[in-house]
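Working notes, beginning with the structure itself.
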Amino acid sequence: MNNELMMGKNTHLVAKNEEIPDVRGISPQNITVVLPAFNEEVSIGSIVLLTKHYCDTVIVVDDGSSDRTAAIARKAGAHVIVHEANKGKGAALKTGFTAAADLGADVIVTMDSDGQHNPAEIPRLAAPIIDGTAEMVNGSRYLSHKDKNTPIYRRVGQTILDTATNMNSGLKITDSQSGFRAFAASTKDVFRFNARGMAIESEMLADAGRSGLRIKEVEIGVRYDVDGSTVSPIEHGLGVLVMILKDIEFNKPLYYFTAPGLALGVGGLYMGAHFLQIYFMGGGLNFGPTMLMILFIVVGTFMALTGILLHSVSAIERRTEAV
């Protein structure tokens, strides 16, 4: 085996004398794995070699890498598609899904290319798609317990993103940021693939929720010692959260505008009732609190009406798209 394919941080994944069972023939359906990659020459070879034992085809989408990611992936036996410029993970997944469908995939599995995920778990994710009990399967680190390996700052951020994503999608997902997932190939047109960065994970859940896909979660493991991301966790988390809030703004405006607006309006009315009680009892009205009351009522009413209007517009748009 070419040493170039075994280089770097993931060389331990393919032990020299390790026998890996080839399980591709077990599934009656074609399983294709899509690996979006950007400057992953260190890990991509070993990931492709391992993944090939658990699927029919491995597609590597080299998203404008400046290193030898594409060349090493080809040498390892992957079907490689190259973006000349970096377009983001969403675009890479869109390219991969389209290619997988063209190659006859029945089940599309997505994984990260840095070695965080274990390819041996691919059959576990694909099984609900194959037996017809789900159209999308989300690999979760937290399905039956809190992953003790997750750093505390990641878990706090994860909880915030999970809550926001579930609010936006209408789902109850325990690991909204997982990149290890399986999809029925027939679902490829459900997804927008607009997000450039890791926010694509939340965007896909929002699309799946709005489309009514049958979704199941299965437990997976993950490694954090191979995380090659150049973006800080805080920057990543804030970016994802902003994207989710923007999505909620249009797709669930009753949550984003109407609910806070009603809260402000009710608060203003409560203040007004309190001030009237003081006035009838002979007290005076202070300018500052009175103006604050008026501001709460006006802004709250405006936000509530805006949310209702946007909700109507988005509903009309969805009905138009359905036609």
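When you line the sequence shown up against full-length UniProt numbering, it's residues 1 to 323, in that order. Quick reminder that beta carbons are idealized off the backbone N, C-alpha and C, glycines included.
- Under DSSP, M136 shares a beta bridge with F183, I215.
- In the structure shown, H117 adopts coil according to DSSP, grouped into three states.
- Nearest in C-alpha terms to N251, of all of L264, P260, I108, G307, is G307.
- Residue state for L103 is assigned as coil, using DSSP reduced to three classes.
- One Cα belongs to D175, the other to M111, and the distance between them is close to 14 Å.
- For I130, the uninterrupted alpha helix (DSSP H) segment begins and ends at 122-130.
- If you draw a 10 Å sphere on the C-beta of A85, you find fewer than 16 other C-beta atoms in it, and that means exposed.
- Apart from the 5 residues on each side of it in sequence, A126 sits with its Cβ closer than 7 Å to the Cβ of S27, I31, V107, V109, A182 in its chain, given in chain order.
- In the DSSP assignment, T69 falls within the unbroken alpha helix (DSSP H) covering 69-76.
- Annotation: the segment 243-304 contains the following complete segments of the alpha helix (DSSP H) (minimum length 4 residues), in chain order: 259-280.
- Non-local C-beta neighbours of F97 in its own chain, meaning closer than 7 Å and more than five positions away in sequence, comprise V34, I108, K188, ordered along the chain.
- The three-state secondary structure of V222, taken from DSSP, is coil.
- DSSP, reduced to helix, strand and coil, places A37 within a strand of the structure shown.
- Rounded to whole angstroms, the gap between the alpha carbons of E40 and G239 is 22 Å.
- Within 10 angstroms of the beta-carbon of V298 lie fewer than 16 other beta-carbons, which makes it exposed.
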